[in-house]
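A short write-up of the structure that comes next.
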Amino acid sequence: MKEIIVSGMRSTGKLHLGHYLGVIQNWVQLQDKYDCYFFVADWHALTTKYDKTDDLRQNILDVVMDWLACGIDPKKSVIYVQSLIPEIAELNIYLGMITPQNWVERDPCLKDMAKILKTKEGQGQQINYGLMGYPVLMSADIMMFNANCVPVGSDQVAHIEITRDISRRFNNIYGEEFFHEAKPLLNNCSLICGLDGNKMGKSFNNDIKISDSAEVTAKKVMSAITDRSRLRKDDPGHPDECEVAFKYWTIFGEEEEIQTVKCECEKGLRGCAQCKRQLGEKINARLSEIRERRRYYEQNPQEVERIIEEGSAKARAKAQEILKEVRRLVKMY
Ligand code: TRP
Numbered sequence: 006m007k008e009i010i011v012s013g014m015r016s017t018g019k020l021h022l023g024h025y026l027g028v029i030q031n032w033v034q035l036q037d038k039y040d041c042y043f044f045v046a047d048w049h050a051l052t053t054k055y056d057k058t059d060d061l062r063q064n065i066l067d068v069v070m071d072w073l074a075c076g077i078d079p080k081k082s083v084i085y086v087q088s089l090i091p092e093i094a095e096l097n098i099y100l101g102m103i104t105p106q107n108w109v110e111r112d113p114c115l116k117d118m119a120k121i122l123k124t125k126e127g128q129g130q131q132i133n134y135g136l137m138g139y140p141v142l143m144s145a146d147i148m149m150f151n152a153n154c155v156p157v158g159s160d161q162v163a164h165i166e167i168t169r170d171i172s173r174r175f176n177n178i179y180g181e182e183f184f185h186e187a188k189p190l191l192n193n194c195s196l197i198c199g200l201d202g203n204k205m206g207k208s209f210n211n212d213i214k215i216s217d218s219a220e221v222t223a224k225k226v227m228s229a230i231t232d233r234s235r236l237r238k239d240d241p242g243h244p245d246e247c248e249v250a251f252k253y254w255t256i257f258g259e260e261e262e263i264q265t266v267k268c269e270c271e272k273g274l275r276g277c278a279q280c281k282r283q284l285g286e287k288i289n290a291r292l293s294e295i296r297e298r299r300r301y302y303e304q305n306p307q308e309v310e311r312i313i314e315e316g317s318a319k320a321r322a323k324a325q326e327i328l329k330e331v332r333r334l335v336k337m338y
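Note that the sequence shown covers residues 6 to 338 in the numbering used here.
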């Protein structure tokens, strides 16, 4: 029997290269080795965007289209939407009962969010009850399928640790080694920064979307920051201080190519504009098949909806089995 993997992403809409390189690529490879459950966390999106739900449905479709385009295969993996599995909400209740308040309070992601909310930008808001429960709900996501492993970015590891603590506590209280202690599965790829050198993010306006056209991508790459100390194109460059463009080369170029770029830059034989034009072509070549597949799904949204419905039905059947055991262990009526 294969080990079980669960992982999800919030329904933030169209995904960017950070998602692709940091998470999705890893998922694609895991599909053959594990029983994979991949889901769109629409409830988690509501923890902060409860008042911006007009695009919720489209955002979910966009996330799933990006996954399919990148090679998540509904024949191998179960693809579903969190809120279509109400069993997760019930499990969330049981887990909430056994989770001490200070376990959620010490969650570093929540602490950060609380800080942001309190600032002017966050309009001095308080954390709502649902956001407080973010790590518990995430534990319910993972434990709903009794996952062994959770492939995530390093920012999510603290959450997986809480999940492990909650599993252990459940097993202790209800007297059976029922839940596995899920392990995070990190991938070793280097993080891609945004076009401005900061963390790539939708809200920072510095991302390249998986769904961007080749033209838009080429234009965005031209705006990427390079070696700030370089004024003329035949000045000797410093690839190691080139904040974005050369870093992208190391991600998208082949070994030999990277050496050529480095060498030519250092000798002043390669201007930044020319360099970024080539880089844009490189990135576009890498993404062209993915984008073609995405266009196919954009033109056939009913196929995407069918994949979500079928995946959610499969996930739900499995969730019902686990929930039955949980109710038995907790001794519910
Ligand atoms: N918190 C994750 C994120 O922000 C999304 C998520 C929700 C998740 N539930 C999960 C990831 C369960 C892995 C497993 O990206």
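Glycine is no exception: its CB is placed at the ideal position from the N, C-alpha and C atoms.
- At a cut-off of 7 Å, the beta-carbon of G206 does not count as near the ligand TRP: no heavy atom of the ligand is closer than that.
- Minimum Cα-Cα distance from R298 among the listed residues D37, S216, I90, A278 corresponds to S216.
- Here the distance from the Cβ of A46 to the nearest heavy atom of the ligand TRP is below 7 Å.
- Taking C-beta separations shorter than 7 Å and ignoring five residues to either side along the sequence, the partners of K323 in its chain run F150, following chain order.
- Secondary structure of V249 (DSSP, three-state): coil.
- When DSSP states are grouped into helix, strand and coil, V157 belongs to the coil group.
- Assignment of R15 by DSSP, reduced to helix, strand and coil, places it in the strand class.
- Of the heavy atoms belonging to the ligand TRP, none sits nearer than 7 Å to the Cβ of V141.
- Sorting Y139, A223, V69 by C-alpha distance to the C-alpha of E303 places V69 at the top.
- Contact check for V155 against I167 fails: the beta carbons are separated by 8 Å or more.
- According to the DSSP assignment, D40 belongs to no alpha helix (DSSP H) but to the beta strand (DSSP E) extending over 40-46.
- DSSP places Y301 within a helical segment (H, G or I) once states are collapsed to three.
- With a threshold of 7 Å, the Cβ atom of V83 does not count as near the ligand TRP, since no heavy atom of the ligand is closer than that.
- Contact check for I84 and G316: beta-carbon distance about 4 Å, within the 8 Å limit, so the pair qualifies.
- Here the alpha carbons of A163 and T53 stand approximately 19 Å from one another.
- Here E92 is buried. Its C-beta has 16 or more other C-beta atoms within 10 Å.
- In the three-state reduction of the DSSP assignment, H243 falls in the coil class, being assigned neither a helical nor a strand state.
- When DSSP reads this structure, L328 sits in no beta bridge, so it has no partner.
- A distance criterion of 7 Å places the beta-carbon of H49 in contact range of the ligand TRP, judged by its closest non-hydrogen atom.
- At a cut-off of 7 Å, the beta-carbon of S88 does not count as near the ligand TRP: no heavy atom of the ligand is closer than that.
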